[in-house]
Every structure is written in structure tokens, then in C-alpha cells.
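J.: The structure under discussion is supplied below as C-alpha cells; questions concerning it will follow.
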Amino acid sequence: MEHLVKFVQDEFIEKKDFPKFSAGDTITVYYEIKEGEKSRTQFFRGVVIQVRGTGATKTFTIRKMSGNIGVERIFPINLPAIQKIELNKAGAVRRKRIYYFRELTGKKARIKEARRK
19 MEHLVKFVQD EFIEKKDFPK FSAGDTITVY YEIKEGEKSR TQFFRGVVIQ VRGTGATKTF
79 TIRKMSGNIG VERIFPINLP AIQKIELNKA GAVRRKRIYY FRELTGKKAR IKEARRK
């Protein structure tokens, strides 16, 4: 049964080429919003809190500050509405899921930039 599910996922779910990112990175996700018959592109820029799952079921959570209120959004990686993902800044964190980032405010909420090769 697993082989059948994997076959269907490989055949029918289109794969887009997005940059590699992980927790602590600052990314911008451009996605399409349909309002009635009109459609527009909106972007969501924030810090990746977690990347969860594998393959077609992979999701990632992004957190941004809107004023002084934190806003989180979960995106499936194969969402058809996602147009592109930009990697703005690579962050250096030691964990894969940085839930502790939710409680940090001010200068403590900064993430050191990683040196990538």
C-alpha cells in the first residue's frame, strides 16, 4: 500500500524547485490569493519556526511580527498557490524547531546570520 501511495504522489503532485531552507532562516513566500474572479499575489516574510514532514506532506511554519503581535502561518510545500520562495537571510540556530522564539522580544529575538558556503 505504501508503494502505491508513493507512486501516486510522485506521478500526480507537481514538484516546484524551491531553495533549501531550515529553522531560523528568514524567507519570503509569494502566494496567489483569489478573491471572486480576481487574483493577486501576496507575500509573507518571516522566520521559519519549523519544517515538518517529508515528500508531498512537508510543511513549514513562518512567524512574523505585525506591529507588536506575532503572526504564524503554516504552508504545505506543495501548495499550488505558492508561486516562489526567496531565501532572504540564513540563520544560525542549534535546533530544528525553535518554539522558544515565540516568547522572545526585542533584541533577544534576533537570530545570528549563518555563514553558508
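Note that my numbering has the sequence shown beginning at 19, numbered continuously upward. Don't be surprised by glycine CBs; every beta carbon is placed ideally from N, CA and C.
(1) So, are the CB atoms of Met83 and Gly64 less than 9 Å apart?
(2) Check Arg63 in the structure and name its three-state DSSP category.
(3) Which runs of the beta strand (DSSP E) spanning at least 3 residues fall entirely within the segment 56-133, listed in chain order?
(4) Just to confirm, is the Cβ distance from Val111 to Ile80 under 9 Å?
(5) Terminal residues of the continuous alpha helix (DSSP H) containing Glu20?
(6) To the nearest angstrom, how far is it from the Cα of Glu53 to the Cα of Gly85?
(7) Taking the alpha-carbon positions, what's the Gly124 to Tyr118 distance?
(8) What does DSSP give as the partner residues of Lys52 in its beta bridges?
(9) How would you call Phe39, buried or exposed, if buried means at least 16 neighbouring beta carbons within 10 angstroms?
(10) In angstroms, rounded to a whole number, what distance separates the CA positions of Glu104 and Pro37?
(11) Among Pro98, Arg113, Arg115, which has the Cα closest to the Cα of Glu50?
T.: Taking the definition as stated:
(1) yes
(2) strand
(3) 56-70, 77-84, 87-94, 100-107
(4) no
(5) 20-30
(6) 25 Å
(7) 14 Å
(8) Ser57
(9) buried
(10) 7 Å
(11) Pro98
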